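Residue numbers (the numbering used here), protein chains in the order written: chain U, 1 to 115; chain X, 1 to 114.
Idealized CB from N, CA, C, for every residue including glycine.
No experiment lies behind these values; they were computed from the predicted model shown.
Okay, so here's the structure we're looking at.
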Amino acid sequence: EAGVAQSPRYKIIEKRQSVAFWCNPISGHATLYWYQQILGQGPKLLIQFQNNGVVDDSQLPKDRFSAERLKGVDSTLKIQPAKLEDSAVYLCASSSLTGGAGGYTFGSGTRLTVV
Amino acid sequence: AQSVTQLDSHVSVSEGTPVLLRCNYSSSYSPSLFWYVQHPNKGLQLLLKYTSAATLVKGINGFEAEFKKSETSFHLTKPSAHMSDAAEYFCVVSVWNQGGKLIFGQGTELSVKP
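This is how it looks when you write it as structure tokens:
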């Protein structure tokens, strides 16, 4: 089966600019996660969708980050305006069942550098 | 609250010697635990997972981990290290009562010397 697709692979922007990342999960996977991985740290959950509804966005900096999953398939994560500390790899993952019982599949990530 | 602690930020072994990466967890519920590996500039790859079946879990590439409830540990081992094992390893707990989100440890960097 095709994996989780993410684009772009790399992005460099200046602080205060905006940026958007795109994720296409595995076909049929109802649950979609966005994680932020800062260099030298483990990934941290930003937001979780179940179909097109938000399950958990408690750690999403809502003053600058937003995410949507229209029609319960693809998802976009946006940062506006970006700060230097947003430099990280943004990982998308999907799971076939609630609670991850079906297993998780991660995309290769988008590496964001804010200068 | 659920959490994981990886006890070593960096482990260095010689090729052909055993590998031990240590992980302790905290969970109010019967946990699901995972080990993921991340090679430089690559995505996360699942090594193995524990989901309340056998306590000794075998994974890919010769890795295995043992779930010890009394010690709240889930250490990752391999009998003989290969150069290709050099990577970052993450111990992860799944929070079933919160939609299955994954909580990652800080990671252990494994170096393998020739």
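#1: Going by the CB atoms, is the gap between Arg16 of chain U and Pro81 of chain U shorter than 9 Å?
#2: Do you know whose CA, among U:Asp63, U:Arg9, U:Val115 and U:Gly53, lies nearest Ser87 of chain U's CA?
#3: Measure the alpha-carbon distance for Thr55 of chain X versus Cys91 of chain X and round it to whole angstroms.
#4: Compare the Cα-Cα distances from Gly107 of chain U to each of X:Gln38, X:Val93 and X:Pro31 and report the closest residue.
#5: Could you tell me the alpha carbon to alpha carbon distance between Asn24 of chain U and Glu66 of chain X, rounded to whole angstroms?
#6: Go ahead and pull the three-state DSSP assignment for Asp85 of chain X.
#7: Counting along the chain, where does the beta strand (DSSP E) carrying Phe21 of chain U start and finish?
#8: Does DSSP put Leu33 of chain X in a helix, a strand or coil?
#9: I'd like to know if Gly32 of chain U contacts chain X, where contact means its C-beta is closer than 9 Å to some C-beta of that chain.
#10: State the DSSP-derived secondary structure class of Glu14 of chain U, mapped to helix, strand or coil.
#11: I'd like the list of long-range same chain contacts for Ser75 of chain U, defined as Cβ closer than 6 Å, with 5 residues on each side in sequence excluded.
#12: Determine the extent of the beta strand (DSSP E) in which Thr101 of chain X is found, giving its start and end residues.
#13: Looking at the structure shown, is Gly62 of chain X part of a helix, part of a strand, or coil, going by DSSP?
#14: Who are the neighbours of Lys58 of chain X on chain U, taking C-beta pairs under 9 Å?
#15: Quick check: what's the CA-CA separation for Ser30 of chain X versus Leu45 of chain U?
#16: Quick one: which chain U residues come within Cβ less than 9 Å of Gln106 of chain X?
#17: Short check: CB of Ser84 of chain X to CB of Tyr25 of chain X, under 9 Å?
#18: Any chance you could list the beta strand (DSSP E) runs of at least 3 consecutive residues sitting entirely within the stretch 38-84 of chain U, in chain order?
On the basis of the data shown:
#1: Taking the C-beta atoms as reference points, Arg16 of chain U is found nearer than 9 Å to Pro81 of chain U.
#2: Taking only the C-alpha atoms, the option nearest Ser87 of chain U is U:Val115.
#3: For Thr55 of chain X and Cys91 of chain X, the distance between alpha carbons rounds to 16 Å.
#4: For Gly107 of chain U, the nearest C-alpha among the options comes from X:Gln38.
#5: One C-alpha to the other measures close to 34 Å.
#6: Assignment of Asp85 of chain X by DSSP, reduced to helix, strand and coil, places it in the helix class.
#7: Per DSSP, Phe21 of chain U belongs to the beta strand (DSSP E) from Val19 to Asn24.
#8: Strand at Leu33 of chain X.
#9: Checking the sequence, you will find Leu at residue 32 of chain U rather than Gly. Not one chain X Cβ lies under 9 Å of Leu32 of chain U.
#10: Coil.
#11: Answer for Ser75 of chain U: Cys23, Leu32 and Arg69, listed in chain order.
#12: This sequence places Lys at residue 101 of chain X; Thr is not what is there. Where Lys101 of chain X is concerned, the enclosing beta strand (DSSP E) stretches over Lys101 to Phe104.
#13: Assignment of Gly62 of chain X by DSSP, reduced to helix, strand and coil, places it in the helix class.
#14: Close to Lys58 of chain X, with beta-carbon spacing below 9 Å, lies no residue of chain U; the smallest spacing is near 16 Å.
#15: Rounded to the nearest angstrom, the gap between the Cα atoms of Ser30 of chain X and Leu45 of chain U is 21 Å.
#16: Near Gln106 of chain X (Cβ distances below 9 Å), the residues of chain U are Gly40, Gln41 and Gly42.
#17: With contacts defined as CB atoms closer than 9 Å, Ser84 of chain X and Tyr25 of chain X fail to qualify as a contacting pair.
#18: Along the stretch 38-84 of chain U, the beta strand (DSSP E) occurs as fully enclosed runs of 3 or more residues at 44-50, 53-56, 65-68 and 75-79, listed in sequence order.
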